[in-house]
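Here's the structure we're looking at; comments come further down.
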Amino acid sequence: MDDDYGPTSHSFVSQRLKLNYLDWGNAAAPTLILVHGGRDHARSWDWIARALRHDWHIICPDLRGHGDSAWSPDGAYTMPYFICDLAQLVHQQSAKPVTIVAHSLGGAISLRYAGLYPERVRKLVAIEGLGLSPDAIEERDATAFADRWRGWIEERRGISARSPRRYATIDEALARMRSENGHLSEEQARHLTVHGVNRNEDGSFSWKFDNYLRSSPPLDVTDDELHDLWGRIDCPTLLAYGNDSWASNPAKDGRAAHFRSAQVITYDNAGHWLHHDQFDTFLADLRAFL
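Counting in my numbering, the sequence shown runs from 1327 upward without gaps.
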């Protein structure tokens, strides 16, 4: 297949929502699912997908509330629903175990899925997908439970009054994208921006993701339950981290010890989007791992 030939867009239904995914062809090959992070979109994986499409049947979903997938009617984006969506996609795409590469929020979802269904995952790569560091969790837990709930309710009320930001031109949105990640090249930032916005009726542009994604629910599984899920993952697991990122290295903070078979790899001159920031090096490591 010509490398310039792009993916086809499809949809599936999960929990009454119509969700979008990209299919890069080569259906006879083993399935590789690429799961993007929060406030991102499936086209974020285009460079990885083009590089691996001849060896894999690559599927890239848009998470609910992201990209070209439907928004949750009540603006609720909680981990159980994200996991259920991924489980539905895997169920429909492959009878055999799949390989998953996932970033950030997508990594958190995929790690939990692999713990719930270890028999369904062949190999797993999570790019900065473990969530809060132990220090951040300790700081969060220092806030009274009721205060966290009250803060979340106030945050939701504020979001309800907030209109999506409008950019007069693509270049204005591009500038915002570049301000979020100074490691991105001009080409990367423009690609992510063009595929990450919708055009409004007045000709302006707004990001595709639902603003309610900015609000994290005050409840998730407990730390012990999460560590138990990680410990149930029985496939080879690669945990990737950028040395310039805000995220904590799990080899140093102790979280990697909860996995049966997890390798931690770090990248210099790379932030949270290390698969963009150090693409060639990450791709070489990914090929070797897969």
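All C-beta atoms, glycine included, are put in the ideal place defined by N, C-alpha and C.
Self-check item: Neighbourhood of A1582 by C-beta, 8 Å cutoff - its chain only, sequence neighbours within 5 removed
Solution: The residue labelled residue 1582 in the question sits at position 256 within the sequence shown. Closer than 8 Å at Cβ, skipping near neighbours: L1565, P1576, A1588 and V1590.
Quiz item: Tell me, which residues are paired with T1617 by DSSP?
Solution: No statement about residue 1617 is possible, as the shown extent of the chain runs from 1327 to 1616 and does not include it.
Self-check item: DSSP bridge partner residues for I1359 (one or two, in chain order)
Solution: Taking the sequence shown and counting its residues from 1, the one referred to as residue 1359 is at position 33. DSSP lists I1385 and I1426 as partners of I1359.
Exercise. Look at the alpha carbon of L1510 and the alpha carbon of A1440, and state the distance between them as a whole number of angstroms.
Key: Taking the first residue of the sequence shown as 1, we reach residue 1510 at position 184. Taking the first residue of the sequence shown as 1, we reach residue 1440 at position 114. So the two alpha carbons sit approximately 30 Å from each other.
Quiz item: In the DSSP assignment, what residue or residues form a beta bridge with R1476?
Solution: As a position in the sequence shown, residue 1476 is number 150, starting the count at 1. Paired residue(s): none; R1476 is not in a bridge.
Quiz prompt | C-alpha distance - E1481 paired with R1466, whole-angstrom precision | solution = Mapped onto the sequence shown, residue 1481 falls at position 155. Mapped onto the sequence shown, residue 1466 falls at position 140. Their backbone Cα atoms lie some 16 Å apart in a straight line.
Exercise. Check whether the Cβ atoms of L1437 and I1359 sit closer than 8 Å, and answer yes or no.
Key: For this step, residue 1437 is matched to residue 111 along the sequence shown. For this step, residue 1359 is matched to residue 33 along the sequence shown. No.
Exercise. Could you spell out the range, first to last residue, of the beta strand (DSSP E) harbouring R1299?
Key: The structure shown does not extend to residue 1299, since the chain is modelled only from 1327 through 1616, so no value can be given for it.
Quiz item: So is T1495 buried or exposed if we call it buried at 16+ other beta carbons inside 10 Å?
Solution: Along the sequence shown, read from residue 1 onward, the residue named residue 1495 stands at position 169. Exposed, because fewer than 16 other Cβ atoms sit within 10 Å of the Cβ of T1495.
Practice problem: Using only alpha-carbon positions, find the residue among D1388, F1338, E1454 and H1517 that is nearest to H1618. | Solution: Residue 1618 falls outside the range modelled here, since the chain spans only 1327 to 1616, and no answer is possible.
Quiz item: To the nearest angstrom, how far is it from the Cα of W1533 to the Cα of R1369?
Solution: For the purposes of this step, residue 1533 is identified with residue 207 of the sequence shown, where counting begins at 1. For the purposes of this step, residue 1369 is identified with residue 43 of the sequence shown, where counting begins at 1. Rounded to the nearest angstrom, the two C-alpha atoms are 14 Å apart.
Practice problem: Leaving out five residues on either side along the sequence, give the residues of the same chain with a beta carbon under 6 Å from the beta carbon of Y1593. | Solution: For the purposes of this step, residue 1593 is identified with residue 267 of the sequence shown, where counting begins at 1. For Y1593, where only same-chain residues beyond five positions count, the Cβ hits under 6 Å are G1568, L1600 and Q1604.
Quiz item: Closest to H1521 by CA distance: which of E1513, D1528 and Q1414 is it?
Solution: Counting from 1 along the sequence shown, the entry for residue 1521 is found at position 195. The option with the nearest alpha carbon to H1521 is E1513.
Self-check item: Of the listed residues T1404, M1503 and G1455, nearest to G1363 (C-alpha basis)
Solution: Here residue 1363 is taken as the residue at index 37 of the sequence shown, counted from 1. It is G1455 whose Cα lies nearest to the Cα of G1363.
Quiz item: Taking the alpha helix (DSSP H) that T1607 falls in, what are its first and last residues?
Solution: Start at 1 with the first residue of the sequence shown, and residue 1607 comes out as number 281. Note, T1607: alpha helix (DSSP H), F1605 to F1615.
Quiz item: Can you check whether the CB of T1425 is closer than 8 Å to the CB of H1383?
Solution: Indexing the sequence shown from 1 puts residue 1383 at position 57. Indexing the sequence shown from 1 puts residue 1425 at position 99. Going by C-beta atoms, H1383 is not nearer than 8 Å to T1425.
Quiz item: Is DSSP giving G1568 helix, strand or coil here?
Solution: Within the sequence shown, residue 1568 is the residue found at index 242, counting from 1. It is a strand residue.
Quiz item: Is it buried or exposed for Y1347, if we count other Cβ within 10 angstroms and need 16 for buried?
Solution: Residue numbering aside, residue 1347 sits at position 21 when the sequence shown is read from its first letter. Answer is buried; the Cβ neighbour count reaches 16.
Quiz item: With which residues is T1334 paired in a DSSP beta bridge?
Solution: Counted from its first residue, the sequence shown places residue 1334 at position 8. Paired residue(s): D1349.
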